[in-house]
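Right, one structure below, let's go through it.
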Amino acid sequence: MILSTVEMHTGGEPTRIVVDGWPPLAGATLLDKRREARERFDPLRRGLMLEPRGHDGMYGALLVEPDHPEADLAVLFMHNEGWSTMCGHATIALARWAVESGRVAGPTVRLQCPCGLVVATVVADGSVRFESVPSFAYALDRLAPTETWGPVTVDIAYGGAFYAFLPADSIGLDLRRSPMRAIADAGEEIARAVARAVPIEHPAEPDLAFLYGTILTDGGDGASASSRNVCIFAGRQIDRSPTGSGVSARLALQMARRQARLGEQRTFESCTGAVFTGKTLREAPPVGPRKSVIVEVGGIAHVTGESCFRFDADDPLRDGFTLDQAL
3 MILSTVEMHT GGEPTRIVVD GWPPLAGATL LDKRREARER FDPLRRGLML
53 EPRGHDGMYG ALLVEPDHPE ADLAVLFMHN EGWSTMCGHA TIALARWAVE
103 SGRVAGPTVR LQCPCGLVVA TVVADGSVRF ESVPSFAYAL DRLAPTETWG
153 PVTVDIAYGG AFYAFLPADS IGLDLRRSPM RAIADAGEEI ARAVARAVPI
203 EHPAEPDLAF LYGTILTDGG DGASASSRNV CIFAGRQIDR SPTGSGVSAR
253 LALQMARRQA RLGEQRTFES CTGAVFTGKT LREAPPVGPR KSVIVEVGGI
303 AHVTGESCFR FDADDPLRDG FTLDQAL
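Going by my numbering, the sequence shown opens with residue 3, and the numbers climb by one from there.
Okay, here's the thing in structure tokens:
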């Protein structure tokens, strides 16, 4: 088997776009296709994401046929641990690739994601803006017991995926000085603690009802100066970008706390110094009992190359590995 891909990055966070070679998925809806990919082709995901073809920080996007009547493209997102429901940095990469490759006339790209339809616009300089799915604050000031810090206070919000937010200094970390290993360990422990302490429910779709990651912030609001945040997801994977769906969720939190108003723009940066903008555009219909908002997220992605990956039947490492598993 051979898979053809385009390699891109957004602020240092990779997006490996699968453009040819993946076995067809027969599901009627995109969420059906996601379940089928997870159940039948997960070894292929592992082989593409993990060593020796990838690494534990790899991220991928699989193009499939859309079932949404307005969509130009549909995508399934993958990472080292499984299949996610939304990815802002990959949306930015996909939109630029779709227009520059001629797959979509542009400048508007309507992308069907597992969480819903996302509309992106490619600007003349190559940057991309996209409108989030309805984003909302899910729970404020919830306590999650941890072994390392005792009870920690988190906010939980949804921007296409659910995240737990807390200031890094509340657990003794500094996002500019603390070792990344310590930040990754903290994110993983907090995610597990929150998952135990706070049931996650999505009123519209059970497949979206899980905590995707932890976002540690520097405590700023991104208004007068950029605010740094680091997202830890899929166990201990660290997002090199400012996390597009996390920006949507973070602004939904600020709206819920009356720290932002409609039409205001914020700037967020990642551990690489890459910057995303976030702007609250308009209110959206409630999601269950919760008010929601549409957020415009902006950033830029770059192409790094094209790849052609072989999967030989006699390769003992065909399905990929991590060093933790190998040792």
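Each residue gets a CB set at the ideal place from its N, CA and C atoms; glycine is no exception. Small disclaimer: the values here were computed from a predicted structure and weren't measured.
Where residue i falls: helix, strand or coil (DSSP)
i: W85; result: strand
i: I185; result: helix
i: T93; result: helix
i: R178; result: coil
i: F191; result: The amino acid occupying residue 191 in the given sequence is Glu; Phe does not appear at that position. Reduced to three states, the DSSP call for E191 is helix.
i: D157; result: strand
i: E67; result: coil
i: D143; result: strand
i: R320; result: coil
i: R105; result: coil
Beta-carbon proximity check, residue i vs residue j, cutoff 7 Å
i: D321; j: P45; result: yes
i: A146; j: A225; result: no
i: T324; j: L52; result: yes
i: E38; j: G49; result: no
i: V111; j: A126; result: no
i: T155; j: D143; result: yes
i: E9; j: D241; result: no
i: A303; j: T93; result: no
i: Q114; j: H57; result: no
i: Y160; j: S134; result: no
i: A197; j: H81; result: no
i: L5; j: V20; result: yes
Residue(s) in a DSSP beta bridge with residue i
i: G300; result: R131 and T279
i: Y165; result: A159 and G215
i: G307; result: E9
i: M80; result: G62 and W85
i: A122; result: V111 and F132
i: L325; result: Answer is none; L325 lacks a bridge partner.
i: F138; result: Y160
i: V289; result: R292
i: R284; result: I296
Integer Cβ distance of residue i from residue j, believed to fall under 8 Å
i: V233; j: G215; result: Position check: residue 233 holds Cys in this sequence, whereas Val was assumed. Indeed they touch by this definition, with Cβ atoms about 5 Å apart.
i: G246; j: G90; result: 1 Å
**Item:** Ordered list of beta strand (DSSP E) runs contained in the region 5-60, each at least 3 residues
**Value:** 15-22
**Item:** Unbroken stretches of the beta strand (DSSP E), 3 residues or longer, contained in the region 197-274
**Value:** 213-219, 229-235 and 267-271
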